[in-house]
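Colleague: This is the structure I have questions about; it appears just below.
What follows is the structure, encoded as structure tokens:
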């Protein structure tokens with residue numbers, strides 16, 4: 073399974089592609105980058121540029137699913153509106169490409185990657201680097217966050233696959249027991 | 073000048089086209105409507121439908137400018153994120169079409185149309201109906217709000233034109249005075 077992880081933002085938008093499936097819980101980085109736009113341009117121009125970049129990534133890497141960091145209004149940062157606009161573009165691009173979007177809160181992402189929802193940025197970057205077996209820590213933080221939300225979904229997927237496999241195994245056991253009875 | 077007024081929202085998005093210019097402060101309604109999407113569909117599908125409708129309106133009515141009601145995060149309603157996403161689509165459509173977007177807060181719109189920023193929905197609807205010389209009050213409120221934000225910009229434009237005309241007249245007077253000196 074190939075996941076496009078997105079840490080949305082209008083000034084810096086982290087994009088990352090990770091592959092899972094080479095083994096239980098194994099994930100590998102395919103690509104990572106940060107799309108930047110300047111506040112010297114109009115909001116519309118910035119969104120158009122970001123939409124074009126999103127399309128390029130979807131075309132080039134052909135992911136199976138998108139994993140998006142969810143922003144809470146309660147964060148109440150000045151960028152909340154523009155970040156929501158970028159999240160909207162991600163949902164839109166997914167719909168146009170027939171992809172599902174899965175959203176994870178920052179706490180869920182941190183808990184998935186580091187084991188605690190209260191992890192700081194350094195811990196997240198450190199764990200992403202180790203989990204993906206990277207030579208260097210990804211920079212800037214938006215790149216590490218995009219990788220983290222990608223890994224978060226890849227691991228959820230692995231978990232679901234394991235649960236499905238366990239359920240199938242259990243059904244087979246019950247069927248065998250029924251046949252033997 | 074033809075203005076596309078937008079009252080953004082994912083469940084109901086008000087769209088209105090108003091023309092100004094037939095006389096000082098005169099505005100006329102060209103079209104009004106509300107695009108609705110259901111929460112039974114994904115956010116991406118709803119945004120895609122809305123984007124298609126926006127494109128239809130831009131193609132059909134060919135406005136000169138877009139007037140958009142600005143949402144404050146301080147409103148803190150559950151719909152703030154999706155409303156921001158729809159606002160992003162409006163900015164995006166404008167950029168793709170080479171149009172400017174002017175944003176007005178609800179208070180600015182109310183003050184422009186009714187004379188007070190504390191007007192209620194009934195007052196806004198009543199004034200929009202009178203100003204545009206409509207036989208019936210526009211329904212639902214999202215339609216009236218889209219007309220109101222359209223009228224708000226049309227009147228700002230008229231004001232700017234008047235100021236420009238006054239400035240030009242003043243320059244001509246000074247030039248004439250200079251020539252006579």
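Chains as they are written, first to last, in our numbering: chain A, 73 to 253; chain B, 73 to 253.
From the three backbone atoms N, C-alpha and C, an ideal C-beta is built for every residue, glycine too.
For residue 214 of chain B and residue 106 of chain B, I'd like the C-alpha separation in whole angstroms.
Modeller: Cα-Cα distance, rounded: 7 Å.
Colleague: Anything in chain B within Cβ reach of residue 159 of chain A, meaning under 8 Å, just list it in chain order.
Modeller: 153, 157
Colleague: Are the CB atoms of residue 73 of chain A and residue 204 of chain A within a distance shorter than 7 Å?
Modeller: no
Colleague: List, in order along the chain, the chain A residues whose C-beta lies closer than 7 Å to that of residue 166 of chain B?
Modeller: 116
Colleague: By the 10 Å Cβ neighbour count, where 16 or more other Cβ atoms means buried, how is residue 95 of chain B classified, buried or exposed?
Modeller: An exposed status is given to residue 95 of chain B, since fewer than 16 other beta-carbon atoms sit within 10 Å of its beta-carbon.
Colleague: For the stretch 73-84 of chain A, which residues have a beta carbon sitting closer than 8 Å to at least one beta carbon of chain B?
Modeller: Taking 8 Å as the upper bound on Cβ-Cβ separation, chain B lies near no residue of the stretch 73-84 of chain A.
Colleague: Do we get a CB-CB distance below 7 Å when we pair residue 163 of chain B with the residues of chain A?
Modeller: yes
Colleague: Output the distance between the C-alpha atoms of residue 151 of chain B and residue 180 of chain B, rounded to the nearest integer angstrom.
Modeller: 21 Å
Colleague: When the distance is taken between beta carbons, is residue 155 of chain A closer than 7 Å to residue 80 of chain A?
Modeller: yes
Colleague: Quick one: what does DSSP say residue 73 of chain A is sitting in, helix, strand or coil?
Modeller: coil
Colleague: For the stretch 165-179 of chain B against the stretch 168-175 of chain A, are there 3 or more C-beta pairs whose distance is under 8 Å?
Modeller: no
Colleague: Among B/142, B/121, B/120, which one has its Cα closest to the Cα of residue 225 of chain B?
Modeller: Comparing Cα positions, the closest option is B/142.
Colleague: Measuring only between beta-carbons, confirm whether residue 119 of chain B sits less than 7 Å from chain A.
Modeller: yes
Colleague: What's the C-alpha gap between residue 192 of chain A and residue 217 of chain A?
Modeller: 11 Å
Colleague: Give me the subset of the stretch 166-187 of chain B whose CB atoms are less than 7 Å from a CB atom of chain A, sorted by chain position.
Modeller: Against chain A - using a Cβ distance shorter than 7 Å - the residues of the stretch 166-187 of chain B are 166, 167, 168, 173.
Colleague: I'd like to know if residue 253 of chain A contacts chain B, where contact means its C-beta is closer than 7 Å to some C-beta of that chain.
Modeller: Unreliable placement is indicated for residue 253 of chain A, whose pLDDT of 47 sits below 50; the coordinate value is still reported in the next sentence. It does not: the Cβ of residue 253 of chain A has no partner Cβ on chain B nearer than 7 Å.
Colleague: Which chain B residues sit within Cβ distance under 7 Å of residue 195 of chain A?
Modeller: Per Cβ cutoff of 7 Å: no residues; residue 195 of chain A is ~27 Å from chain B at best.
Colleague: Run through DSSP, which three-state label would residue 125 of chain A get?
Modeller: helix
Colleague: At 7 Å on the CB atoms, spell out the chain B contacts of residue 123 of chain A, in chain order.
Modeller: 164
Colleague: Would you mind giving the Cβ-Cβ distance between residue 76 of chain B and residue 138 of chain B, rounded to the nearest angstrom? I have them listed as a contact below 8 Å.
Modeller: 5 Å
Colleague: With respect to the alpha helix (DSSP H) encompassing residue 164 of chain A, which residues constitute its N-terminal and C-terminal limits?
Modeller: Residue 164 of chain A -> alpha helix (DSSP H) spans 152-169.
Colleague: Quick one: Cα of residue 103 of chain B to Cα of residue 201 of chain A, how far?
Modeller: Residue 103 of chain B and residue 201 of chain A have their alpha carbons spaced roughly 55 Å apart.
Colleague: Give the DSSP bridge partners of residue 101 of chain A, in chain order.
Modeller: Partner(s): A/90.
Colleague: Just to confirm my understanding: we take residue 108 of chain B, look at its own chain, exclude 5 residues before and 5 after, and list those with CB closer than 6 Å. What are they?
Modeller: 84
Colleague: If you draw a straight line from the alpha carbon of residue 209 of chain B to that of residue 199 of chain B, how long is it in whole angstroms?
Modeller: 9 Å
Colleague: If the criterion is Cβ atoms closer than 7 Å, does the pair residue 130 of chain B and residue 175 of chain B meet it?
Modeller: no
Colleague: Taking only beta-carbon atoms, is residue 203 of chain B less than 7 Å away from chain A?
Modeller: For residue 203 of chain B, the answer is no, since every Cβ of chain A falls outside 7 Å of its Cβ.
Colleague: Measuring straight from C-alpha to C-alpha, what distance separates residue 89 of chain B and residue 223 of chain B?
Modeller: 9 Å
Colleague: In this structure, does DSSP put residue 132 of chain B in helix, strand or coil?
Modeller: helix
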